[in-house]
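Engineer: So that we are looking at the same thing, I have put the structure below in structure tokens.
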Amino acid sequence: MSRCYWVNCIAVLMGVSACVDNTAHFGKNIDGTPTLGDDGPWGIAVVGTDYLSSSVSVLDRMERELFFEGVVDSGSSPPGLSTALSGDVALPRAFNSNNWLVLLDRYPNSVLTLLDPHDFAVSVQLSVATGFAANPHDFVWVGQRKAYVTRYETNPSPGREPFDAGDDVLIVDPLAGRITGRISMATYVDATPHSLQARPDQMTVAKGIVWITLNHLDAGFHNGGQGLVIGVDPATDEVRQVVAIPEVRNCSGIVYVARRDALYVSCSGLFAAGLDEQLRQSALVAIDLGSQSPSATIFAYGTEGVARPFGFELDVARERWLLVVRYGDMAADIPDRLVAIDIITGTETIVHLATSISGLGGLLADDATDSVYVGDAAALAPRVHLYEVADGQFGFLSVIDAHPRVGLPPRHIRFY
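Numbered by this note's numbering, the letters in the sequence shown go through residues 358 to 773 in order.
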């Protein structure tokens with residue numbers, strides 16, 4: 358029986374009015390199986406948050422509309438939810454065929470929540486705090502019973518319980534709700550007077566290696582070291598590659614483009630350095646994986662194009678256009694903007710201009726439907742804006758209200 362049938366039955370039994378209607382729109386073959394394949398992605402999750410409360414909704418990929426509002430939120434207490442969601446909830450960067458909808462409750466809760474993809478019931482909650490506010494930033498499956506979690510914070514008083522140092526990649530068995538090990542990232546921090554931390558952030562898997570960006574900042578975010586991307590072999594949990602990018606600072610977003618056999622990384626520079634210096638430190642970086650020793654080159658500097666720092670989020674459409682936010686400036690009344698940069702020609706095009714300062718929250722390219730989803734946290738009408746990719750152009754299609762009942766602005770958009 359299809360997953361869509363069960364989701365709709367549960368919605369009816371619960372009296373949930375948040376579903377758009379009682380018909381599943383994931384698309385089914387004549388035998389009832391999803392047209393997108395049983396391995397998914399089955400849908401698109403959207404986290405709405407004002408950083409005081411949060412709610413998770415699901416969009417239908419084929420119909421490109423709201424399917425289910427509020428599958429879980431910070432005010433709900435469904436069975437299995439021992440720790441209520443905070444207002445700082447995010448989603449993993451990478452999709453995987455396990456299909457669990459994984460929530461990262463970041464700071465200070467430091468909890469992973471796994472929702473069953475068939476009915477969105479809470480299946481597992483796992484604290485990754487180990488005695489301190491660990492601030493998990495990303496999650497990626499590396500096996501049926503194994504996943505990595507980047508922990509952004511460092512424990513000021515380690516040694517009181519296993520695996521409690523922080524500033525690491527935690528190894529977990531998500532289905533058992535168990536921590537099994539850790540991979541320290543502190544080893545790769547620059548030796549400076551500023552007491553830098555690795556601050557591991559986003560992850561992606563390419564050519565059998567898990568690639569991890571390090572923000573590489575001090576405790577107060579005032580100072581930073583060179584850009585760093587670490588490659589870990591999930592078969593051995595050992596670091597295999599360290600890619601240093603001395604020209605940049607504060608690297609976060611990461612995607613793999615198979616056609617180019619390259620990673621692309623977004624680096625924002627130091628916000629505390631002042632705009633001119635930040636722009637010199639901000640860039641999109643290409644890391645060539647075609648050789649035994651990956652090499653990094655600057656693909657685009659922050660000083661180029663609209664001359665604004667590149668943001669933390671990065672995606673790619675049709676393996677041709679890098680999608681990245683260019684941060685705005687509140688003092689200068691410059692809003693955020695989403696741009697598409699042609700990997701072949703380097704041409705930069707504005708896709709979406711935010712309706713407010715710091716207004717863009719989440720972006721996702723769905724090549725199966727030639728779609729780009731952009732979260733815009735406009736104060737009066739927070740919406741997900743939908744664009745279609747055709748002939749190298751990004752045409753506006755519609756807006757989706759992902760949280761019509763609670764009005765929360767979209768901040769994270771990911772496949773599950």
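The beta-carbon is built from N, C-alpha and C at its ideal position, and this holds for glycine as well.
These numbers come from a predicted model, not from an experiment.
#1: Within the continuous alpha helix (DSSP H) that includes Glu-634, where are the two ends?
#2: Using 8 Å as the Cβ pair cut-off and three pairs as the minimum, do the segment 600-607 and the segment 679-691 touch?
#3: Please classify Thr-660 as buried or exposed, where buried requires at least 16 neighbouring CB atoms within 10 angstroms.
#4: What separation, rounded to the nearest whole angstrom, lies between the Cα atoms of Leu-483 and Pro-513?
#5: Could you compute how far the alpha carbon of Asn-466 sits from the alpha carbon of Trp-399?
#6: Go through the segment 628-705 residue by residue and report every complete run of the alpha helix (DSSP H) that reaches 4 residues or more, in order.
#7: Can you give me the Cβ contacts of Thr-380 inside the same chain, cut-off strictly under 6 Å, excluding the 5 residues immediately before and after it?
#8: Is the segment 579-586 close to the segment 503-523, with three or more CB pairs under 8 Å?
#9: Looking only at its own chain, which residues have a Cβ that is under 7 Å from the Cβ of Glu-745, when we skip the five neighbours before and after it?
#10: Give the secondary structure of Asp-378 by DSSP, where H, G and I count as helix, E and B as strand, and everything else as coil.
#11: Mind checking which residues open and close the beta strand (DSSP E) that includes Gln-750?
#12: Does Ala-592 pass the burial test, meaning 16 or more other C-beta atoms within 10 Å, or should it be called exposed?
#13: Would you tell me roughly how many angstroms separate the C-alpha atoms of Thr-712 and His-742, rounded to the nearest one?
#14: Can you find the residues in the same chain that come closer than 8 Å, C-beta to C-beta, to Asp-388, ignoring five residues on each side of it along the sequence?
#15: If you compare alpha carbons, which of Val-567, Val-612, Ile-770 and Val-622 is closest to Arg-597?
#16: Could you give the C-beta distance for Ala-759 and Ser-414, rounded to a whole number, given that I count them as a contact under 8 Å?
Structural biologist: In short:
#1: 632-638
#2: Counting C-beta pairs with one atom in each stretch, the segment 600-607 and the segment 679-691 have fewer than three that are closer than 8 Å, which means they do not touch.
#3: By the Cβ-count criterion, Thr-660 is exposed, with fewer than 16 other Cβ atoms from all chains shown falling within 10 Å of its own Cβ.
#4: 22 Å
#5: 28 Å
#6: 632-638
#7: Residue placement at Thr-380 cannot be trusted, given a pLDDT of 31 that sits under 50; the coordinates are not used to answer.
#8: no
#9: Here the set comprises Asp-727, Ser-728, Gly-752 and Leu-754.
#10: Legend: pLDDT at Asp-378 = 35, less than 50; position of this residue unreliable, no value from coordinates given.
#11: Where Gln-750 is concerned, the enclosing beta strand (DSSP E) stretches over 750-757.
#12: exposed
#13: 11 Å
#14: With a pLDDT of only 39 at Asp-388, under 50, the local geometry of the prediction cannot be trusted, and no value is derived from it.
#15: Val-567
#16: Sure, about 5 Å apart at Cβ, within 8 Å.
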